[in-house]
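In my numbering, the protein residues as written are 5 to 149.
Don't be surprised by glycine CBs; every beta carbon is placed ideally from N, CA and C.
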């Protein structure tokens, strides 16, 4: 069974941003010549996440508002006691970002059927930046026949 790997590099531009990865994933599938199988999408950061949902501007704003309510930046978090931890210089206070990330997922698996992502009409594979702006990477693995 052929297996193809790729890493997507993305420069995010918001503290909380949502990015549609479906076009890049579909390009990898097309280049792989795999017609039927699956693609594994894996976030490589603890303050990013993945989900399959609709990529619609107003919904994206609703999701950002929901996440901000779920883990507000102005709360007291033990993880933000940087003076009590061994951390790199310029380490951000980002406990809220980690908490948002654990409510989502760090990976998704999507079937490939006839060379295409087998997603519903309004579904897209979304990357959630929760501690940006930053440089991010997402690992892709396509397998099948």
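By a beta-carbon distance limit of 8 Å, residue 134 contacts residue 105. Their separation comes to about 5 Å. In the structure shown, residue 40 falls within a coil segment according to DSSP collapsed to helix, strand and coil. In chain order, 112, 114, 123, 127, 128, 129 and 130 place their CB closer than 8 Å to the CB of residue 56, counting only its own chain and leaving out the 5 sequence neighbours on each side. In terms of CA proximity to residue 109, 46 leads the group 59, 36 and 46. Secondary structure of residue 110 (DSSP, three-state): coil. Bridge partners of residue 21 according to DSSP: 133. Assignment of residue 57 by DSSP, reduced to helix, strand and coil, places it in the strand class.
Note on geometry: alpha-carbon atoms of residue 142 and residue 14 lie some 8 Å from one another. In the structure shown, the three-state DSSP call for residue 140 is strand. With a threshold of 16 other beta carbon atoms within 10 Å, residue 31 falls short and is exposed. A residue is called buried once 16 or more other Cβ atoms fall within 10 Å of its Cβ, and residue 98 is buried on that count. Residue state for residue 115 is assigned as strand, using DSSP reduced to three classes.
With contacts defined by Cβ atoms closer than 8 Å, residue 20 and residue 73 do not form a contacting pair. By the Cβ neighbour-count rule, residue 140 is buried, with 16 or more other Cβ atoms within 10 Å of its own.
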